[in-house]
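According to the working numbering, the sequence shown holds residues 5 to 433 in order.
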Amino acid sequence: MNRDQELFERARRVIPGGVDSPVRAFGSVGGTPLFISRAEGAYVFDENGDRYVDLVCSWGPALLGHAHPEVVAAVREAAVRGLSFGAPTLAEVELAEAVRARVPAAEQVRFVSTGTEATMTAVRLARGATGRDAIVKFAGCYHGHSDALLAAAGSGVATQGLPGSAGVTQAAARDTIVVDYNDLDALERVFAEAGDRIAAVITEAAPCNMGVVAPAPGFNAALRDLTSRHGALLIVDEVLTGFRVHGGGWLGLEGNAYAPDLVTFGKVVGGGMPLAALGGRADLMQLLAPVGPVYQAGTLSGNPLATAAGLATLRLADRGIYGHVDDRSTQLQLAVGEALTAAGVPHVVQNAGNLFSVFFRDGEVSTYDDAKAQDQAAFARFFHAMLDQKVALPPSAFEAWFLSAAHDDKAMDQIVSALPAAARAAAGS
Ligand code: PMP
């Protein structure tokens, strides 16, 4: 038994499933998760002492690569000044200004610690602002694990094949209306029937939690029109895409052609520390306590180490960084496609900016049902063949692959040269 296996056994005695977030457990691919001892640039090192090229990037935050020296220095400097104050700081003002400068829709910003909190607060704010109860979400979109948003969620819920979650009340489920992604007709019908009950539509800016399924051209703008016509709010969740696909997130990539009422951020905005944010129209944000009646709070909200990491990350994330990640992403998408084609494996590679995923099936994927109709066993074989060659992919067929500015030629060569054998494994040969 190697050290990771020993640790996994030990972990399972004291931590449910041995993990603090389900998808980490390798449930759908089998085997033992890597217990990471450290990470640097494009690489993670496990407790066995092996080095892997990392395509998880902490599920998004590590845009600059792991442990970027300037980000680490910023966190160190902040740490010696104190770990947490529970009081306002200069850094959170600067970070809020940095977010607003990049995302015009975020006229005001409130920092929280996780994406779950950001979307949960957005939902509460939408209900408080409209006096309505119902929320519309799309099947396969993941917005964290608050009760209202777990129905037909992607990410770990998809990986485990769960319809939602035990412990969510019927009332919460009743107030969540789930519509197929990219299906405007269905959404129009929902609004025609229940428009005066709907507080908000929440959507991933570009869904990446059922695999990557970009919005059809004009889809998000149509959501803007439809919600406006019915007096409902539009919440665009950029937790995953924000500051990753473009300096201005997916909204920026689409030229800010439409403006959501509320927008949520996480991951890159915290530079790898626990930090997320809710932004939006100033008049709506003013409904949050202490100004308005919608309550929201957090002991660790705007934590000084987290804001230091976020600020350093956003300041470093210039056009060159996004250009690099975009180029690497294009290179890898092509290489994966070529390898799977050569091995005769049915597949489709889909992207939303530099985020992409591989579906082990033929034909375009535009809904969650399409995404589920893939050969997960083939993915598992592919995944393990890559892992054997020291390339760590996200351990689920429903997750995006993440690159970083630290993925240089050497790291890319290691990934690309591992692909043919992995593709053959996926083919079962
Ligand atoms: N929204 C989206 C789009 C996400 O991808 C995630 C997490 N992957 C969340 C919300 C929840 O964020 P967190 O895990 O920080 O609670």
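Positions of the beta carbon are idealized from the N, C-alpha and C atoms, including for glycine.
On a predicted model such as this, the values are computed, not experimentally measured, just so you know.
Where residue i falls, given that 16 or more other Cβ within 10 Å makes a residue buried
i    : result
V340 : buried
D373 : exposed
Q290 : exposed
K414 : exposed
G90  : exposed
E197 : exposed
S25  : exposed
E101 : exposed
P294 : exposed
L206 : Contrary to the premise, residue 206 reads as Ile rather than Leu in this sequence. I206 is buried by the Cβ-count criterion.
D392 : exposed
A83  : exposed
I19  : exposed
L59  : buried
T231 : buried
D498 : Within the shown structure, residues of the chain are numbered from 5 to 433, placing residue 498 beyond reach of any answer.
R16  : exposed
V75  : buried
R248 : buried
T345 : exposed
N224 : buried
E403 : buried
R128 : buried
Cα-Cα separation, residue i to residue j
i    : j    : result
A177 : A226 : 25 Å
L154 : G148 : 7 Å
G314 : F406 : 18 Å
D412 : T245 : 22 Å
G34  : F387 : 10 Å
T268 : M5   : 43 Å
G284 : V113 : 7 Å
A401 : G296 : 43 Å
P211 : N358 : 13 Å
P73  : G432 : 42 Å
V172 : R323 : 43 Å
A476 : Q378 : Absent from the structure is residue 476, since the part of the chain shown begins at 5 and ends at 433.
A425 : T334 : 21 Å
L87  : A310 : 10 Å
R14  : E51  : 13 Å
R428 : D151 : 41 Å
L320 : Q174 : 46 Å
G276 : W254 : 20 Å
T317 : A77  : 11 Å
E44  : V79  : 16 Å
L312 : R233 : Looking at the sequence shown, residue 312 is not Leu but Ala. Distance between the alpha carbons of A312 and R233: 41 Å.
D330 : V353 : 15 Å
G53  : A343 : 29 Å
D187 : E208 : 14 Å
Simplified DSSP state of residue i, which is helix, strand or coil
i    : result
F387 : helix
Y372 : helix
A133 : helix
S361 : strand
A396 : strand
R114 : strand
L238 : strand
Q337 : helix
N224 : helix
A401 : coil
Q378 : coil
A409 : coil
A356 : strand
Tell me the start and end of each unbroken alpha helix (DSSP H) in the stretch 251–330 that is at least 4 residues and wholly inside, in chain order.
253–257, 286–289 and 308–320
Output the residues surrounding the ligand PMP, defined as those with a CB atom closer than 5 Å to any ligand heavy atom, in chain order.
T118, G119, T120, H147, G148, E208, D241, V243, L244 and G270
Could you tell me which uninterrupted alpha helix (DSSP H) segments, each at least 4 residues in length, are contained entirely in the stretch 139–207, listed from first to last along the chain?
159–163, 174–178 and 188–198
Run through the stretch 10–64 for me and flag every whole beta strand (DSSP E) of 3 or more residues, listed as ranges in chain order.
40–44, 47–50 and 55–58
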